[in-house]
Amino acid sequence: MEAALQGASGTGWQDDVFRVLKDHDVKHVVYVPDAGHSTAIRLSEADDTIHSVVLTTEEEGIGYLAGAWLGGERGALLLQSSGVGNCINTLALQVCAQFPLLMVVTMRGDWAEFNGWQNPMGQATERSLNLMGVMTWRADDPKDVAPLLHGAATMAFNGNSSCAVLLGQRLIGEKKWVK
């Protein structure tokens, strides 16, 4: 069985994620595969100016993006809220080194979640990020994605800040088991 998205409002906001990353001269998109990020991942992989890197675990992305910044290039980490738990200790690297860290987080354990294992980290994601010094903004409406991501990218890249945009489950659509 696999999960399928039900009721997602098209891919306009998903295209916005990629467009805003391009507008901010992001050259590295690192991710653990996720259906909510599939459009941005596909577009990143097809773009010859972007290094699209599949990670084995989300915290690797923080170190990768620190290295990209040391090399003079910008990047973004695409991850699911369950992966935020994997990153908590590694976020100390950004706190100590003060490099820009931009994360786009698809939420689980949120509205209409079908998998109870996703609930604990999903409910703790924003607070956990905030406790580690990450500024967060939440998008539940497609029209909010581009301006929130633009603002987060501006703050990350111009202020060497750690910023995350949380893409709520209502935005992504309800997941259902498909047989």
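Each step along the sequence shown adds one to the number in UniProt numbering, with nothing skipped, and position 18 is 18.
By construction, the Cβ of each residue, glycine as well, lies at the ideal position given by its N, Cα and C atoms.
Computed from a predicted model, the values in this text were never measured in an experiment.
Could you tell me the distance, in whole angstroms, from the CA atom of residue i to the CA atom of residue j?
i, j, result
"Gly109", "Thr39", "22 angstroms"
"Val165", "Ala76", "11 angstroms"
"Phe114", "Val105", "18 angstroms"
"Arg138", "Gly168", "7 angstroms"
"Ala153", "Cys96", "20 angstroms"
"His37", "Asp16", "11 angstroms"
"Asp47", "Ala92", "31 angstroms"
"Phe18", "Pro120", "29 angstroms"
"Gln123", "Gly116", "11 angstroms"
"Arg74", "Leu21", "9 angstroms"
"Ser128", "Gly173", "24 angstroms"
"Gly12", "Ala146", "10 angstroms"
"Ser162", "Val178", "37 angstroms"
"Thr57", "Gly83", "8 angstroms"
"Met107", "Lys175", "12 angstroms"
"Met103", "Ala112", "23 angstroms"
"Thr49", "Asp141", "29 angstroms"
"Ala66", "Gln94", "8 angstroms"
"residue 226", "Glu59", "Limits of the chain in this structure are 1 at one end and 179 at the other, which puts residue 226 out of reach."
"Asp144", "Ala35", "20 angstroms"
"Asp23", "Gln118", "32 angstroms"
For the putative contact between residue i and residue j, defined by C-beta atoms under 8 angstroms, what is the C-beta separation to the nearest angstrom?
i, j, result
"residue 189", "Asn158", "Lying outside 1 to 179, the shown extent of the chain, residue 189 is not represented and no answer is given."
"Leu101", "Ile41", "Not confirmed; about 19 angstroms, so no contact."
Apply the 10 Å Cβ neighbour rule to residue i and answer buried if 16 or more other Cβ atoms are within range, or exposed otherwise.
i, result
"Leu171", "buried"
"Trp69", "buried"
"Ala156", "buried"
"Ala61", "Checking the sequence shown, residue 61 turns out to be Gly, not Ala. Gly61 should be labelled buried."
"Thr125", "buried"
*Is it true that the stretch 20-36 meets the stretch 49-67, where meeting means three or more beta-carbon pairs spaced less than 8 angstroms apart?*
The stretch 20-36 vs the stretch 49-67: in contact.
*Quick one: any contact between the stretch 80-87 and the stretch 125-139, if contact means 3 or more CB pairs under 8 angstroms?*
Touching, per the Cβ criterion.
*Fully enclosed by the stretch 105-157, which beta strand (DSSP E) runs are 3 residues long or longer?*
Listed in chain order, they are 135-139.
_Whole alpha helix (DSSP H) elements within the stretch 33-103, 4-residue minimum_ = 38-46, 59-70, 81-87, 91-97, all fully within the stretch 33-103.
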